[in-house]
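Numbering-wise (the UniProt record's numbering), the sequence shown opens with residue 1 and increments by one.
Here is the structure we will look at, set down as structure tokens.
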Amino acid sequence: MNIPDVQFFVDLETAVWEALVSGDPEADRAMLSEDFLGVYPSGFSDREQHAAPLASGPTMAEYQLSDARVQQVAPDAVMLSYLAEYTVPGSEQSQAMYISSLWQQREGRWWNTFSQDTPVGS
């Protein structure tokens, strides 16, 4: 299988971040697989737990993704790793995380099936 370039996966990941900024739970769910697993400093999350807070509005105010790299881990799966710098609504203090997201091709499209956030400095 011919794996798309890094920017292709950054664009997919950006769609998730845009859902967080716009407070759009449906857009968030549309990018995450039904069996999505998130591993965060606060604990584990499934797709519904990831999307549910967006029903109350945005969970991110702004963000910047950088230093992206892709590693093919299977014929139909890649791990996208990058640095995310962001602010949350109501705060002006920037935060940063290293994030690894597993993207798998299923049913003719790419799904985010796993994501792990590691705070910078951990």
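Cβ atoms here follow ideal geometry from the backbone N, Cα and C, with glycine treated the same way.
Residue range of the alpha helix (DSSP H) that residue i falls in?
{"i": "Gln-49", "result": "47 to 51"}
{"i": "Met-31", "result": "25 to 31"}
Using DSSP bridges, identify the partner residues of residue i.
{"i": "Val-69", "result": "The sequence given here places Arg at residue 69; Val does not occur at that position. Arg-69 is bridged to Ser-81."}
{"i": "Trp-111", "result": "Gln-104"}
{"i": "Leu-37", "result": "Phe-114"}
{"i": "Val-8", "result": "It should be pointed out that residue 8 corresponds to Phe in this sequence rather than to Val. Phe-8 is not bridged to any residue."}
{"i": "Ser-87", "result": "A quick correction: the sequence has Thr, not Ser, at residue 87. DSSP, once it has assigned bridges, lists Glu-62 as partnering Thr-87."}
Contact check, residue i vs residue j under 8 Å by CB: the rounded distance?
{"i": "Leu-83", "j": "Leu-54", "result": "With a Cβ gap of about 23 Å, Leu-83 and Leu-54 do not count as contacting."}
{"i": "Ala-74", "j": "Trp-103", "result": "That belief does not hold up - the Cβ atoms of Ala-74 and Trp-103 are roughly 11 Å apart, past 8 Å."}
{"i": "Tyr-40", "j": "Asp-117", "result": "5 Å"}
{"i": "Ser-33", "j": "Thr-113", "result": "5 Å"}
{"i": "residue 168", "j": "Asp-28", "result": "Because the chain in this structure spans residues 1 to 122, residue 168 falls outside the shown range and cannot be described."}
{"i": "Trp-110", "j": "Leu-12", "result": "6 Å"}
{"i": "Gly-23", "j": "Gly-57", "result": "4 Å"}
Short of 7 Å in beta carbon distance, which residues of its chain neighbour residue i, apart from the five on each side in sequence? Order them along the chain.
{"i": "Met-60", "result": "Trp-17, Leu-20, Val-21, Tyr-86, Val-88"}
{"i": "Phe-9", "result": "Val-70, Val-78, Leu-80, Trp-103"}
{"i": "Val-6", "result": "Ala-68, Arg-69, Val-70"}
Apart from the five residues just before and just after residue i, which ones in its own chain have a Cβ nearer than 6 Å to its Cβ?
{"i": "Ser-66", "result": "Leu-83"}
{"i": "Val-120", "result": "Ala-96"}
{"i": "Ala-15", "result": "Met-31"}
{"i": "Gln-105", "result": "Asp-76"}
{"i": "Pro-25", "result": "Ala-51, Leu-54, Ala-55"}
What do you reckon, is the C-beta of residue i under 6 Å from a heavy atom of the ligand MN?
{"i": "Ala-68", "result": "By its list of ligands, the structure shown contains no ligand whatsoever, and the ligand MN lies outside what it can speak to."}
Can you list, in chain order, the residues of its chain whose CB lies under 8 Å from that of residue i, leaving out five sequence neighbours each side?
{"i": "Ile-3", "result": "Val-70, Gln-72, Val-78"}
{"i": "Ser-94", "result": "Glu-85, Tyr-86, Thr-87"}
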